[in-house]
Structure formats: C-alpha cells, structure tokens
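Read the sequence shown against my numbering and you will find it ends at 438, with the numbers running on by one and no gaps.
Ideal Cβ positions, reconstructed from N, Cα and C, are used throughout, including at glycine.
Structure first, then comments.
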Amino acid sequence: MTVFEQKTVACLGSSSTAGKGQAFDWIAELRARPRNAQVKFENFGVGGDLAYNALKRLPAVLACRPARSSFGSRA
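Now the structure itself:
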C-alpha cells in the first residue's frame, strides 16, 4: 500500500484522546498493532478541552482528509 492508499483516522477530543499524563494512550496502542500498519492515526486531542474547543480544531482535522474519525470530549 502506498502513502496515497494509506487510510487516515482522525481522533479529536480531550485528555482521554490526547493520551498525555496518566490517561491511557489508546491511539498509541492502535498504532502499535500489526494489523494497523497501513493506517495513519492523527491525534487531535487536547487535555482539558471542551467540545466547543474541539470543534474549533475541526478544520485541521478535515485538512488531513480522514477516512474515519473518532470524537470524545466533555460537553
């Protein structure tokens, strides 16, 4: 699979998405799985963020042209 065929998954959210500090880094876990070798995971998580702030980052998420997306944030 070439870079042009590579699937991108965009992950947008707060600390549970960011995976920093004491939060489990589930995106790194997905990246490490052999079956995901041809998937590029983009992490747009920011700790302490609210949904309003995450939505302000939506243009950057869309710019990476994801095949799939994941959203998790507080209200």
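If you follow the beta strand (DSSP E) that K313 is part of, which residue opens it and which one closes it? Only positions 364 to 438 of the chain appear in this structure, which leaves residue 313 out of reach.
Going by DSSP, what residue range makes up the alpha helix (DSSP H) through N416? A414 to K419
Closest residue to G411 among K370, R398 and L375 (Cα-Cα distance): L375
Would A381 be called buried (16 or more neighbouring beta carbons within 10 Å of its own) or exposed? buried
Can you tell me whether V424 is helix, strand or coil according to DSSP? helix
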